[in-house]
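Chemist:
Residue numbers (the working numbering): 598 to 769.
1) Apply the 10 Å Cβ neighbour rule to residue 647 and answer buried if 16 or more other Cβ atoms are within range, or exposed otherwise.
2) Excluding the 5 residues preceding and the 5 following residue 665 in the sequence, name in chain order all residues of the same chain whose CB lies nearer than 6 Å to its CB.
3) Would DSSP call residue 677 helix, strand or coil?
4) Please go through the same chain and pick out, in chain order, the residues whose beta-carbon is closer than 7 Å to the beta-carbon of residue 699, but skip the five residues on each side of it.
5) DSSP three-state label for residue 633, please.
6) Skipping 5 residues on each side, what residues in its chain have a beta carbon closer than 7 Å to that of residue 689?
7) For residue 751, verify whether its CB is less than 8 Å away from any heavy atom of the ligand MN.
8) Under 9 Å, do residue 788 and residue 736 count as touching if we go by C-beta distance?
9) Taking its Cβ as the centre, do 16 or more other Cβ atoms sit within 10 Å of residue 686, making it buried, or is it exposed?
10) DSSP on residue 722, reduced to helix/strand/coil?
11) How many angstroms separate the CA atom of residue 693 from the CA atom of residue 708?
12) Look at residue 732 and residue 655 and say whether their C-beta atoms are less than 9 Å apart.
13) Helix, strand or coil for residue 665? Go by DSSP, reduced to three states.
14) Please name the residue, chosen from 611, 740, 617, 724, that lies closest to residue 677 on a Cα-to-Cα basis.
15) To the nearest whole angstrom, what separates the beta carbons of residue 617 and residue 670, a pair I think is in contact under 8 Å?
Okay, structure coming up:
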C-alpha cells in the first residue's frame, strides 16, 4: 500500500469500524482484496498456509499505512486447524462483518503439480470444497446471530485449463 494507492480511495466506501477475514491473502486475489478492505478502514485477519513471510509483509504494510491487521497461519486440509482459525479470528476481531473464502490449493504449479490425480483430488476436496463450505456455514451462522454480515466465496481462476494429464476438472 503506497501513497499512490491511497489516492484511489477518494470515492471509496469507508469500512471504518468493520472487521474482515480474507483466507489465502498472502498473494494474488486474496492479497488484493485484503489491501482494498484495509484501505477502506476495515480491521483485518490476513491468512496464509505456508507463505508466512508474504503474509507478514502484508500485515506490516497495512499497519504502516495506519490500518489494523493480524496474521493467522492455518492449513485448511486439516478441519481442526480451519475451525481454530475461524475461532481465533472471531476472538481477535471481536466479531466479523466480512468473511472472504479465497484460500485454495494450487495444483498447477510447484511440487503439487506433480502429484497424482487421487492426491490432487483429495487436496482439492479438503481445502477448496470442504473447508470453504464449513467456514462459510459457521461464519454465516455467527453473522446471523449478530444481525448481519457478508460471506464472499472466490472461485478457481483456471477451470478451463484443468490438471496436467487429465481433463477431469475442465469445463468447456
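Even for Gly, the Cβ is constructed at its ideal location relative to N, Cα and C.
Predicted model only: the values in this text are computed from it and were never measured.
Modeler: Short version:
1) In this structure residue 647 is exposed. Its beta-carbon is surrounded by fewer than 16 other beta-carbon atoms within 10 angstroms.
2) Taking residue 665 as the centre and dropping the five residues before and after it, the same chain places the C-beta of 640 closer than 6 Å to its C-beta, in chain order.
3) Residue 677 falls in the helix class under three-state DSSP.
4) For residue 699, the CB contacts under 7 Å within the same chain, skipping 5 residues up- and downstream, are 619, 620, 621, 622, 626, 627, 630, 751 in chain order.
5) Per DSSP, reduced to three states, the secondary structure at residue 633 is helical.
6) Answer for residue 689: 642, 667, listed in chain order.
7) Looking at this structure, you won't find the ligand MN or any other ligand, since it has none at all.
8) An answer regarding residue 788 cannot be provided, because it is not within the stretch 598 to 769 covered by the chain.
9) Buried: at least 16 other Cβ atoms inside 10 Å.
10) DSSP places residue 722 in helix when its eight states are reduced to three.
11) Linking residue 693 to residue 708 through their CA atoms gives a straight-line distance of about 34 Å.
12) In this structure, residue 732 sits away from residue 655, with a CB-CB distance that is not shorter than 9 Å.
13) Reduced to three states, the DSSP call for residue 665 is coil.
14) Looking at 611, 740, 617, 724, the one whose alpha-carbon comes closest to that of residue 677 is 724.
15) Here residue 617 is actually not in contact with residue 670; their C-beta atoms are around 18 Å apart, not less than 8 Å.
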